[in-house]
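Student:
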Amino acid sequence: MMGQIGGYFLASLIGISLGLIGGGGSILTVPVLVYVMGVNATRATAYSLFIVGITALVGSLDYCRKRLISWQAAVVFSLPAFSSVFVVRKYLIPAIPREVLRVGSFILTKDIFLMVVFALLMIFASVSMIRDRKNGKEEEVLSLNSPLIGVTGLLVGGVTGLVGAGGGFMIIPALVNFAHLPMKKAVGTSLLIIATNSLIGFIGDLMSPTETIDWNLLISFSFIACLGIFFGSYLSNFIPGARLKKGFGWFVAVMALYILAKEIAG
569 MMGQIGGYFL ASLIGISLGL IGGGGSILTV PVLVYVMGVN ATRATAYSLF
619 IVGITALVGS LDYCRKRLIS WQAAVVFSLP AFSSVFVVRK YLIPAIPREV
669 LRVGSFILTK DIFLMVVFAL LMIFASVSMI RDRKNGKEEE VLSLNSPLIG
719 VTGLLVGGVT GLVGAGGGFM IIPALVNFAH LPMKKAVGTS LLIIATNSLI
769 GFIGDLMSPT ETIDWNLLIS FSFIACLGIF FGSYLSNFIP GARLKKGFGW
819 FVAVMALYIL AKEIAG
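In our numbering, the protein residues as written are 569 to 834.
This is the structure:
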C-alpha cells in the first residue's frame with residue numbers, strides 16, 4: 569500500500585517535470601512502474617508509452633492555447649518518428665528472446681537487458697540536462713534543417729519504442745538547434761511530439777497483445793501525472809527552467825546508477 573502511494577506521488581513529479589521542462593520526467597516512468605509499482609520491465613515499457621502519451625497530450629493542449637507550438641517542426645519531426653516507434657513496438661520488442669545472453673551461470677534476461685539499456689539512456693539524458701547550453705538563441709527562425717530534424721525523429725522514435733521514454737531530452741535540443749525555436753515553444757512542441765510518438769507506440773502493443781493490460785493502474789497513474797503537468801506548467805511561469813533542468817539531471821543520474829547496480833547485482 570505504501571509503495572503504491574509512493575508510486576502515485578512520483579507520478580505527480582513526472583507530470584510536473586513534463587510541464588516545466590517538456591521532458592525528463594518520462595525517463596522515470598519505467599523505473600517507478602518496475603521498482604515501486606511491481607510491474608515487470610517489458611510490460612512497464614508499454615505502460616509507460618500510454619502514461620507518458622496521455623500526460624504529454626494534456627500538457628500540449630495548454631501550450632497550444634498559449635500558441636507555443638510549432639506545427640511545422642512537429643510534423644517534420646514526427647513523421648519519421650511515427651514509423652520508427654511503431655516498427656520497434658510491433659516487431660522488434662516481441663522478437664527479443666526471453667534469454668538474451670547466457671555465459672556460464674550468468675543469464676541476461678529480456679527484462680534485465682531492457683532495464684540496463686534504460687539506465688544507460690538515463691545517464692545520457694542526465695548529461696544532456698546537466699550540461700549548460702552554450703547557444704542562447706531565443707529568436708525563432710522560419711527555415712528548418714529538415715534532414716537533421718528527420719534523422720533525429722527516427723532516432724527518438726526508436727528510443728521511445730524500445731524503452732518507453734518520451735525522448736524529450738533529445739527532442740528539445742533538436743528543436744532549439746535545428747528548428748531554431750525559443751525554449752518555451754520547443755517545450756510545447758516537444759510535448760506534442762512525445763504524445764503522438766508514445767501513443768502510436770502503445771497502439772503497436774495493442775495490435776500484438778501478449779499480456780492482459782491493467783487499465784486501472786494505467787488510468788489512475790495517468791490521471792495523477794496529468795494533474796502534475798498542469799501544476800508544472802503553472803510553475804514554469806515562476807521557476808527558471810535551466811536551474812530545474814540541471815537539478816533534475818543529477819537526480820536522473822543517481823537513479824540510473826541505482827538501476828545498474830541493482831540489475832547487475834541481481
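The beta carbon of each residue, even a glycine, is placed where N, CA and C say it ideally should be.
Smallest Cα separation from Gly725: which of Phe577, Leu617, Gly575?
Tutor: For this step, residue 725 is matched to residue 157 along the sequence shown. The candidate whose alpha carbon is nearest that of Gly725 is Leu617.
Student: State the Cα-Cα distance for the pair Thr610 and Lys678, rounded to the nearest angstrom.
Tutor: To locate residue 610, count along the sequence shown from 1; it is residue 42. To locate residue 678, count along the sequence shown from 1; it is residue 110. Rounded to the nearest angstrom, the two C-alpha atoms are 8 Å apart.
Student: How big is the Cα-Cα spacing for Val620 and Ser766?
Tutor: Your numbering for residue 620 matches position 52 in the sequence shown. Your numbering for residue 766 matches position 198 in the sequence shown. Going from the Cα of Val620 to the Cα of Ser766 covers about 7 Å.
Student: Does Phe806 come out as helix, strand or coil in the three-state DSSP assignment?
Tutor: Along the sequence shown, read from residue 1 onward, the residue named residue 806 stands at position 238. Phe806: coil per DSSP, three-state reduction.
Student: Are the CB atoms of Leu786 and Tyr615 within a distance shorter than 9 Å?
Tutor: Along the sequence shown, one-based indexing puts residue 615 at 47. Along the sequence shown, one-based indexing puts residue 786 at 218. In this structure, Leu786 lies closer than 9 Å to Tyr615 by Cβ.
Student: Between the alpha carbons of Thr623 and Ala763, how many angstroms are there, rounded?
Tutor: The residue given as residue 623 occupies position 55 in the sequence shown. The residue given as residue 763 occupies position 195 in the sequence shown. Going from the Cα of Thr623 to the Cα of Ala763 covers about 8 Å.
Student: If you count every other CB in all the chains shown that lies within 10 Å of the CB of Val602, and 16 or more means buried, which is it?
Tutor: Numbered from 1 along the sequence shown, position 34 holds the residue referred to as residue 602. The residue in question, Val602, is buried, as its Cβ has 16 or more Cβ neighbours within 10 Å.
Student: When the Cβ atoms of the segment 638-653 are set against those of the segment 738-752, are three or more pairs found closer than 8 Å?
Tutor: Yes, the segment 638-653 is in contact with the segment 738-752.
Student: Under the rule that 16 or more other beta-carbon atoms within 10 Å means buried, what is Phe806, buried or exposed?
Tutor: The sequence position of residue 806 within the sequence shown is 238, counting from 1. Exposed, because fewer than 16 other Cβ atoms sit within 10 Å of the Cβ of Phe806.
Student: In or out: Met823 buried (at least 16 other Cβ within 10 Å) or exposed?
Tutor: Here residue 823 corresponds to residue number 255 of the sequence shown, with the count starting at 1. Label assigned to Met823: buried.
Student: CB Ser804 to CB Gly587, shorter than 9 Å?
Tutor: On the sequence shown, position 236 is the one that residue 804 refers to. On the sequence shown, position 19 is the one that residue 587 refers to. Closer than 9 Å, so yes.
Student: As a quick exercise: from Ala742, Pro599, Met697, Gly815, pick the residue whose alpha carbon is nearest that of Val684.
Tutor: Here residue 684 is taken as the residue at index 116 of the sequence shown, counted from 1. Taking only the C-alpha atoms, the option nearest Val684 is Pro599.
Student: Please state the DSSP three-state secondary structure of Phe789.
Tutor: Indexing the sequence shown from 1 puts residue 789 at position 221. Here Phe789 sits in helix by DSSP.
Student: Just list the residues that DSSP pairs Ile897 with in beta bridges.
Tutor: With the chain represented from 569 up to 834, any question about residue 897 goes unanswered, as that position is not in the structure.
Student: Classify Phe674: buried if its beta carbon has 16 or more other beta carbons within 10 angstroms, exposed otherwise.
Tutor: Start at 1 with the first residue of the sequence shown, and residue 674 comes out as number 106. Classification for Phe674: exposed.
Student: Exposed or buried, Glu667, counting other C-beta atoms within 10 Å across all chains shown (16 or more means buried)?
Tutor: As a position in the sequence shown, residue 667 is number 99, starting the count at 1. Glu667 should be labelled exposed.
Student: Considering Asn608, what are the terminal residues of the alpha helix (DSSP H) in which it resides?
Tutor: In the sequence shown, the residue the question calls residue 608 occupies position 40. From DSSP, Asn608 is part of no alpha helix (DSSP H); its letter is neither H nor E.
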